[in-house]
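FYI, full-length UniProt numbering numbers position 47 of the sequence shown as 47, with every residue one higher than the one before it. We treat Cβ as the ideally placed atom computed from N, Cα and C, and that holds for glycine.
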Amino acid sequence: MVTAIVMVQAERQRVQETAEALAGVPGVREVYSVTGEWDIVAILKLARYEDLDDVVTGHLRKVEGIARTQTMLAFRTYNEALLDQGFGVGLDESQER
């Protein structure tokens, strides 16, 4: 399984419509509106590395409202239990979230 994170700058007046369109693209599992330099983050889960070209260059280029993208590939996945353990390092039980 290949995981890719696509950060998107959208045309200012089309952020919501762009995010909704991205959510409908095959292989896109999650879409978030975010703060900062990027407007939208899309999480892609693909069966094969080769599918990345189909989704990013084939489908995402056709989504109206996208001004710019940056795609990152994930090397390793950390599950929620591991993340909770990591965030709890150095805290006593009264400080845990």
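>> Using C-beta distances below 6 Å, list every residue in its chain close to Val2, excluding the 5 sequence neighbours before and after it, in chain order.
In response: Leu46, Tyr49
> Opposite Thr28 in the DSSP bridges: which residues?
Replying inline: The sequence given here has Val at residue 28, not Thr. Partner(s): Leu44.
> In angstroms, rounded to a whole number, what distance separates the CA positions of Pro26 and Glu37?
Replying inline: 25 Å
>> Given this structure, state the Cα-to-Cα distance separating Gln9 from Asp39, to the nearest angstrom.
In response: 5 Å
>> By the three-class DSSP mapping on this structure, what secondary structure does Arg14 have?
In response: helix
> Using DSSP with H/G/I as helix, E/B as strand and the rest coil, what is Ala19?
Replying inline: helix
> In this structure, what does DSSP give as the bridge partners for Ala4?
Replying inline: Leu44, Leu73
> Taking Cβ positions, are Ala4 and Thr69 nearer each other than 8 Å?
Replying inline: no
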